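Numbering-wise, the numbering used here comes out as the position in the sequence shown, counting from 1, plus 84.
Shown next, in structure tokens, is the structure this report addresses.
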Amino acid sequence: MIDPLDPENCLVAFGSHNLGYKASYSNDKNLTIIQRDPALAKAYATHVLDVFDHYRFRAAEAEESAALKRKGVFRVGGPDRGVSEDECKLAG
85 MIDPLDPENC LVAFGSHNLG YKASYSNDKN LTIIQRDPAL AKAYATHVLD VFDHYRFRAA
145 EAEESAALKR KGVFRVGGPD RGVSEDECKL AG
């Protein structure tokens, strides 16, 4: 996606093509390019930002869980509910 906010120069490119030599000449890859469709470009931009935010959140949560695990605290239930290893042993 290139400049999704410019109605004249916006461009969305998608497909299985990775822009390498083999993809162009040896493999059966595809690439679709759509130009000057601001609504589509904005929709793709919104989706890309949503996916980025989702994985950024997942990475931050994984880092926090790993830090808690190193301290002997394991998450049970939701993100705000920590249970120590001793409490887990008591629970059976």
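Backbone N, C-alpha and C fix where the C-beta goes; we use that ideal spot for every residue, glycine too.
What you are looking at is a predicted structure, and each value in this text was computed from that prediction instead of being measured.
Of the choices the options, whose alpha-carbon is the least far from that of residue i?
i    : options                   : result
G99  : Y105, I117, D87 and K106  : I117
R120 : E92, Y139 and I86         : E92
L89  : Y139, R154, D134 and L124 : L124
L95  : H101, I86, L103 and N102  : I86
By DSSP, does residue i sit in helix, in strand, or in coil?
i    : result
L124 : helix
Which partner residues of residue i appear in the DSSP bridge assignment?
i   : result
A97 : I117
- Message: I'd like to know if the segment 99-113 and the segment 134-145 are in contact, where contact means that at least 3 CB-CB pairs between them fall below 8 angstroms.
- Response: Here the segment 99-113 makes no contact with the segment 134-145; the two share fewer than three CB pairs at distances below 8 angstroms.
- Query: Considering only residues of the segment 132-162, which uninterrupted beta strand (DSSP E) runs meet the minimum length of 3 residues and lie entirely inside it, listed in chain order?
  - Reply: 157-159
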